[in-house]
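Enquirer: Got a structure for you, questions after.
In our numbering, the protein residues as written are 2 to 268.
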């Protein structure tokens with residue numbers, strides 16, 4: 002019996018996933034399209050089984066079929082790879098400045114990115130001394146219109162896309178402070194554009210307020226938001242310049258030109 006070690010790769014427990022992984026590995030080993038016959042030989046799968054799985058992967062754009070009977074890796078893998086690369090780059094650039102900001106203010110500092118109609122929390126700097134329970138774990142999600150970082154992304158959209166978002170989501174609320182009406186949201190986003198920061202006034206969680214500044218990449222694209230969370234009665238407007246300076250430092254590390262750095266907040 003072979004004893005497992007930490008370096009022994011774990012095998013998938015679902016057979017079809019193991020077969021799918023093997024198919025993708027074969028396609029990844031070749032630059033040119035691979036015939037179904039060769040794929041079947043290299044994976045040990047019956048051609049009909051390989052064809053069935055490849056067909057489903059083609060539907061999901063994980064595999065392309067340039068011509069009948071041949072396959073190659075699909076563009077969806079490139080899209081996902083770029084998404085992961087972008088997050089890792091942002092996290093790498095942000096972690097040190099986030100920790101330094103947290104040391105200065107002793108409140109949770111969050112890094113979030115947009116995924117569809119939600120933001121995803123990808124990093125956090127916090128300590129128990131902040132006196133506030135952490136309510137959003139890394140990997141957690143929240144609607145765009147209920148969060149400070151989400152509002153940054155909506156403010157970056159054109160008005161038509163914001164209206165489409167409102168129709169698609171219904172602007173459902175979490176608390177009595179949640180913005181659930183499109184005209185109110187539009188006024189809030191206009192304010193975000195004017196001052197270069199966004200706020201969450203107990204709209205996602207009662208008792209918690211947030212402020213956020215944008216992080217931009219070398220293409221001047223908004224790629225993430227840096228936010229401070231604090232108990233509603235302890236939020237300090239004096240943190241805002243530090244937040245913006247930290248977001249600007251992270252943006253600079255990503256290659257963002259200086260003329261796209263966040264503007265000072267209007268008091």
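By construction, the Cβ of each residue, glycine as well, lies at the ideal position given by its N, Cα and C atoms.
The structure presented is a predicted model; accordingly, all values stated were derived computationally and were not measured.
Quick check: residue 114 and residue 103, are their CB atoms within less than 8 Å of each other?
Expert: Translated into positions along the chain shown, residue 114 becomes position 113. Translated into positions along the chain shown, residue 103 becomes position 102. No. Outside cutoff.
Enquirer: May I ask you to report which of helix, strand or coil DSSP gives residue 232?
Expert: Counted from its first residue, the chain shown places residue 232 at position 231. Reduced to three states, the DSSP call for residue 232 is strand.
Enquirer: Per the contact definition of three or more C-beta pairs closer than 8 Å, is the stretch 121-129 in contact with the stretch 160-171?
Expert: Not touching, per the Cβ criterion.
Enquirer: Which runs of the beta strand (DSSP E), 3 residues or longer, sit entirely within the stretch 81-136?
Expert: Counting whole runs of 3 or more residues, the stretch 81-136 contains the beta strand (DSSP E) stretches 110-116, 119-126.
Enquirer: Compute the Euclidean distance between the alpha carbons of residue 79 and residue 234, then round it to the nearest angstrom.
Expert: Looking up residue 79 in the chain shown gives position 78. Looking up residue 234 in the chain shown gives position 233. When rounded, the distance between both Cα atoms is 45 Å.
Enquirer: Measuring alpha carbon to alpha carbon, tell me which residue in 140, 105, 108, 106 is nearest residue 121.
Expert: Within the chain shown, the letter at position 120 stands for residue 121. Of 140, 105, 108, 106, the residue nearest in Cα terms is 140.
Enquirer: With three or more beta-carbon pairs closer than 8 Å as the criterion, would you say the stretch 208-222 touches the stretch 239-248?
Expert: In short, these stretches touch, since the Cβ pair count reaches three.
Enquirer: Taking residue 108 and residue 229 to be in contact with their CB atoms under 8 Å, please state how far apart those CB atoms are, rounded to whole angstroms.
Expert: Taking the chain shown and counting its residues from 1, one reaches residue 108 at position 107. Taking the chain shown and counting its residues from 1, one reaches residue 229 at position 228. With a Cβ gap of about 6 Å, residue 108 and residue 229 count as contacting.
Enquirer: Run through the stretch 16-42 for me and flag every whole alpha helix (DSSP H) of 4 or more residues, listed as ranges in chain order.
Expert: List check, alpha helix (DSSP H) in window: 16-29.
Enquirer: In terms of alpha-carbon separation, which member of 239, 199, 53 lies closest to residue 72?
Expert: The residue labelled residue 72 in the question sits at position 71 within the chain shown. Residue 72 has its Cα closest to that of 53, out of 239, 199, 53.
Enquirer: Quick check on residue 53: does DSSP put it in helix, strand or coil?
Expert: Locating residue 53 in the chain shown gives position 52, counting from the first residue. Helix.
Enquirer: If you draw a straight line from the alpha carbon of residue 210 to that of residue 27, how long is it in whole angstroms?
Expert: Taking the chain shown and counting its residues from 1, one reaches residue 210 at position 209. Taking the chain shown and counting its residues from 1, one reaches residue 27 at position 26. Rounded to whole angstroms, residue 210 to residue 27 spans 50 Å at the Cα level.
Enquirer: Mind checking who residue 71 pairs with in its DSSP beta bridge?
Expert: As a first step, residue 71 must be located in the chain shown, where it is residue number 70. DSSP lists 36, 68 as partners of residue 71.
Enquirer: Report, in whole angstroms, the separation of the C-beta atoms of residue 153 and residue 226, which I expect to be a contact under 8 Å.
Expert: As a first step, residue 153 must be located in the chain shown, where it is residue number 152. As a first step, residue 226 must be located in the chain shown, where it is residue number 225. Rounded, the Cβ-Cβ distance is 5 Å, consistent with contact.
Enquirer: Using the Cα positions of residue 175 and residue 205, report the straight-line distance between them to the nearest angstrom.
Expert: To locate residue 175, count along the chain shown from 1; it is residue 174. To locate residue 205, count along the chain shown from 1; it is residue 204. For residue 175 and residue 205, the distance between alpha carbons rounds to 6 Å.
Enquirer: Just how far apart, CA to CA, sit residue 91 and residue 47?
Expert: Counting from one through the chain shown, the residue named residue 91 turns up at place 90. Counting from one through the chain shown, the residue named residue 47 turns up at place 46. So the alpha carbons of these two residues sit roughly 43 Å apart.
Enquirer: Terminal residues of the continuous alpha helix (DSSP H) containing residue 211?
Expert: Numbered from 1 along the chain shown, position 210 holds the residue referred to as residue 211. Residue 211 -> not in any alpha helix (DSSP H); beta strand (DSSP E) instead, spanning 209-217.
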